[in-house]
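For the sequence shown, our numbering gives the first residue as 2, with consecutive numbering after it.
Structure, as structure tokens:
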Amino acid sequence: MRRRLPLIFLLSGIGCSDPDPAPRNGPASAEDINRPSVSVSYRDSILDSYRLSAESVLVLMHPDHRPQDVRVSAALLESTAGEGKIRFVRYLASQGERSVPPVLEVIDRSSDRNTLVSALQILGQIGSSEATGAIKEMLENRDSWVRIAAAHAIGDVGGETAVQALEQTIEDSVDTVVAAGLVALGKLGDTKGIKLCGRKVIHANPRVRAAAATAIGRLGTLEQTSLLTPLLKDPDSGVRFKAKRAIEYLRKDAGY
Numbered sequence: 002m003r004r005r006l007p008l009i010f011l012l013s014g015i016g017c018s019d020p021d022p023a024p025r026n027g028p029a030s031a032e033d034i035n036r037p038s039v040s041v042s043y044r045d046s047i048l049d050s051y052r053l054s055a056e057s058v059l060v061l062m063h064p065d066h067r068p069q070d071v072r073v074s075a076a077l078l079e080s081t082a083g084e085g086k087i088r089f090v091r092y093l094a095s096q097g098e099r100s101v102p103p104v105l106e107v108i109d110r111s112s113d114r115n116t117l118v119s120a121l122q123i124l125g126q127i128g129s130s131e132a133t134g135a136i137k138e139m140l141e142n143r144d145s146w147v148r149i150a151a152a153h154a155i156g157d158v159g160g161e162t163a164v165q166a167l168e169q170t171i172e173d174s175v176d177t178v179v180a181a182g183l184v185a186l187g188k189l190g191d192t193k194g195i196k197l198c199g200r201k202v203i204h205a206n207p208r209v210r211a212a213a214a215t216a217i218g219r220l221g222t223l224e225q226t227s228l229l230t231p232l233l234k235d236p237d238s239g240v241r242f243k244a245k246r247a248i249e250y251l252r253k254d255a256g257y
């Protein structure tokens with residue numbers, strides 16, 4: 002049986018892998034932002050401490066304890082389950098760029114659906130271009146829920162290659178992933194996505210057709226009403242509603 006270390010030792014050693022931490026006050030240094038931070042042994046020591054005395058660990062989730070605060074949060078994001086993750090998602094997202102390196106480490110190591118989805122949500126909310134590569138890799142994850150989360154994150158982060166990245170998403174074999182890709186294209190606001198959305202107005206799944214209509218309404222001009230007009234007679238009432246609203250939006254945007 003593995004011998005448990007005393008709680009005080011575990012807590013005092015939380016930052017032992019970081020001999021030169023960032024100052025407690027003021028902006029984080031570039032070294033602080035980019036330093037690897039959440040090793041497996043570190044994560045496990047945090048989890049042991051958390052199980053013994055949760056409040057003693059949670060007290061470290063404050064910017065005054067930087068950079069340990071985001072490391073502790075990332076370690077617990079990875080090692081806790083269910084609704085327990087929500088607290089750590091919120092804190093990491095609130096700390097912006099400082100959270101990106103430890104969250105990227107979690108993504109690189111974890112295979113757990115809920116952990117990956119939560120991490121992608123954090124990166125999307127932060128909107129860091131540093132995370133783009135890792136998010137794109139998750140577009141190819143075998144779990145469709147992870148691919149959905151990655152598509153939404155790409156839509157939030159944006160970037161010059163975002164539309165290109167989502168092109169494969171809207172050809173996914175899972176319809177809910179396709180719909181997520183269309184929603185993301187709409188959020189990007191890049192007109193290069195119009196043609197991609199236009200391909201999906203005749204998709205077999207009404208959810209996909211509705212998502213395509215909404216995205217076209219966000220991206221297009223009056224010229225694109227020709228793509229939407231056939232959807233006004235769609236057999237699905239939800240699709241008809243989305244198409245009608247998209248056309249109204251395009252007309253309003255054009256001054257009609």
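Ideal Cβ positions, reconstructed from N, Cα and C, are used throughout, including at glycine.
Separation of residue j from residue i, as counted between CA atoms
| i | j | result |
| --- | --- | --- |
| L121 | T81 | 16 Å |
| K196 | H63 | 46 Å |
| A180 | L93 | 27 Å |
| V73 | A152 | 27 Å |
| N142 | R148 | 6 Å |
| S42 | D237 | 53 Å |
| L105 | L167 | 20 Å |
| N206 | P102 | 38 Å |
| R52 | Q69 | 18 Å |
| K193 | M139 | 22 Å |
| D49 | G83 | 18 Å |
| Q165 | S57 | 46 Å |
| N35 | A163 | Low local confidence applies: a pLDDT of 47 at N35 is under 50, so the model's placement there is unreliable, with the coordinate-based value given in what follows. C-alpha separation (whole angstroms): 23 Å. |
| T170 | L61 | 39 Å |
| E131 | T215 | 29 Å |
| G160 | A154 | 11 Å |
| L223 | V158 | 27 Å |
| D113 | G182 | 22 Å |
| G85 | D235 | 42 Å |
| L1 | S119 | Because the chain here runs from 2 to 257, residue 1 falls outside it and cannot be looked at. |
| R200 | S54 | 54 Å |
Own chain residues within Cβ distance below 8 Å of residue i, not counting five before or after
| i | result |
| --- | --- |
| L233 | R241, A244, K245 and I248 |
| T226 | I248, L251 and R252 |
| D109 | A135 |
| G156 | G125, A163, L167, V184, A185, L186, G187, K188 and L189 |
| V202 | R210, A213, A214, I217, L228, L229, P231 and L232 |
| H204 | D176, V179, R210 and A213 |
Segment limits, alpha helix (DSSP H) that includes residue i
| i | result |
| --- | --- |
| Q165 | A163 to T170 |
| H153 | S145 to V158 |
| L233 | From DSSP, L233 is part of no alpha helix (DSSP H); its letter is neither H nor E. |
| Y250 | S238 to D254 |
| Y257 | Where Y257 is concerned, there is no enclosing alpha helix (DSSP H), given that its DSSP letter is neither H nor E. |
| S46 | V41 to L53 |
Contacts around residue i, its chain only, beta-carbon distance under 7 Å, and the 5 residues preceding and following it disregarded
| i | result |
| --- | --- |
| E79 | R44, V107, S111 and T116 |
| V175 | S145 |
| I123 | V90, L93, A94, S100 and V104 |
| I127 | A94, G97, E98, S100 and V101 |
| G239 | P207 and A211 |
6 Å CB neighbourhood of residue i in its chain, flanking five on each side removed
| i | result |
| --- | --- |
| G27 | Interpretation of G27 is limited by its pLDDT of 43, a score under 50 that renders its predicted location unreliable; no figure is taken from the coordinates. |
| S100 | V71 and L93 |
| R219 | G187 |
| R208 | A180 |
| D173 | V179 |
| A255 | L223 |
Start-end ranges of the alpha helix (DSSP H) lying completely within the region 58-140, minimum 4 residues | Runs found: 69-80, 85-95, 101-110, 114-127 and 133-139.
Hey, which unbroken runs of the alpha helix (DSSP H) at 4 residues or more fall wholly within the region 172-236?
-> Taking only runs of at least 4 residues, the alpha helix (DSSP H) segments lying wholly in the region 172-236 are 176-189, 195-199, 207-220 and 226-229.
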